[in-house]
């Protein structure tokens, strides 16, 4: 029995476990824990594909398992983080009537993440780049934003509630849009052809060192801007 062929799927399962842990952290109000587990899931999501390529261990099972894991780690987890944030803000405001349902709009994130993953699986154009925002980037954005904004719920509850809902709808649209976004997968280490990747990686490292968790959100926003700038090509 070739044990090596099971390594990519094992890594994918670690992605799924990280996503489950991120949800548990969100339910406990630990949004810092949520973003840290989402980051862990992102690392596993990147390395399972790398392992599959290095070991030539591709399989239809692995492809399906990857998508199912991603919807938990990069759809449900950030959606739950935003829900808990909006629920706290709604509690401060003291919403009544149908308005008490506003926090549930956070689940636009898992819904559109599922649509994005389903679209990706049947879209043959997305072999070297992405059409629409990739779900790991979207999850990192919302995981870090939710954690960053949590301390401000008590003093900016109304602005935070409505602003985050509008932003969640906007970014969820990016998931299924036709915006071309570059992949971080590299075929060579040369500067030519990897300019955006090196700029994003370098700036992202600086952002995280300087700003910690908010730096993750800043990195994803830069990723969106770089993709928009490159759209003409």
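Numbering (our numbering), first residue to last: 433 to 665.
Using N, Cα and C, we set each Cβ at its ideal position, and we do this for glycine too.
Using CA atoms only, rank isn't needed, just tell me which of 630, 614, 657 is closest to residue 621. By one-based count along the chain shown, residue 621 stands at place 189. Minimum Cα distance to residue 621 is reached at 630.
Rounded Cβ spacing between residue 545 and residue 607 (contact assumed at less than 8 angstroms): On the chain shown, position 113 is the one that residue 545 refers to. On the chain shown, position 175 is the one that residue 607 refers to. So it is a contact: roughly 6 angstroms between Cβ atoms.
Rounded to whole angstroms, what is the Cα-Cα separation between residue 605 and residue 598? Residue 605 sits at position 173 when you count from the first residue of the chain shown. Residue 598 sits at position 166 when you count from the first residue of the chain shown. Cα-Cα distance, rounded: 11 angstroms.
In three-state terms, what does DSSP make of residue 561? Residue 561 sits at position 129 when you count from the first residue of the chain shown. Reduced to three states, the DSSP call for residue 561 is strand.
contact_flag[the stretch 526-535, the stretch 553-567] where n(CB pairs < 8 angstroms) is 3 or more: no
Following the continuous beta strand (DSSP E) through residue 612, name the residue where it begins and the one where it ends. In the chain shown, residue 612 corresponds to position 180, counting from 1. Note, residue 612: beta strand (DSSP E), 612-614.
Residue of 615, 437, 469, 465 minimising C-alpha distance to residue 446: Taking the chain shown and counting its residues from 1, the one referred to as residue 446 is at position 14. Checking every option, the nearest Cα to that of residue 446 belongs to 469.
In this structure, how does DSSP classify residue 470 when only helix, strand and coil are distinguished? The residue given as residue 470 occupies position 38 in the chain shown. Residue 470 falls in the helix class under three-state DSSP.
Relative to the C-alpha of residue 524, which residue among 590, 541, 495 is closest? Counting from one through the chain shown, the residue named residue 524 turns up at place 92. Of 590, 541, 495, the residue nearest in Cα terms is 590.
By the 10 Å Cβ neighbour count, where 16 or more other Cβ atoms means buried, how is residue 575 classified, buried or exposed? Residue 575 sits at position 143 when you count from the first residue of the chain shown. The residue in question, residue 575, is buried, as its Cβ has 16 or more Cβ neighbours within 10 Å.
For residue 574, the first and last residue of its enclosing alpha helix (DSSP H): Along the chain shown, read from residue 1 onward, the residue named residue 574 stands at position 142. Per DSSP, residue 574 belongs to the alpha helix (DSSP H) from 567-581.
Measuring only the C-alpha atoms, how far is residue 649 from residue 512? Locating residue 649 in the chain shown gives position 217, counting from the first residue. Locating residue 512 in the chain shown gives position 80, counting from the first residue. Using only the alpha carbons, I get a separation of about 17 angstroms.
If you count every other CB in all the chains shown that lies within 10 Å of the CB of residue 665, and 16 or more means buried, which is it? Here residue 665 refers to the residue found at position 233 when the chain shown is read from its first residue. Because residue 665 sits at a pLDDT of 45, beneath the cut-off of 50, its placement in the model cannot be relied upon, and the following sentence gives the value as read from the coordinates. Classification of residue 665: exposed, given that the 10 Å Cβ count is below 16.
Report buried or exposed for residue 435, applying the criterion of at least 16 other Cβ atoms within 10 angstroms of its Cβ. Locating residue 435 in the chain shown gives position 3, counting from the first residue. Exposed.
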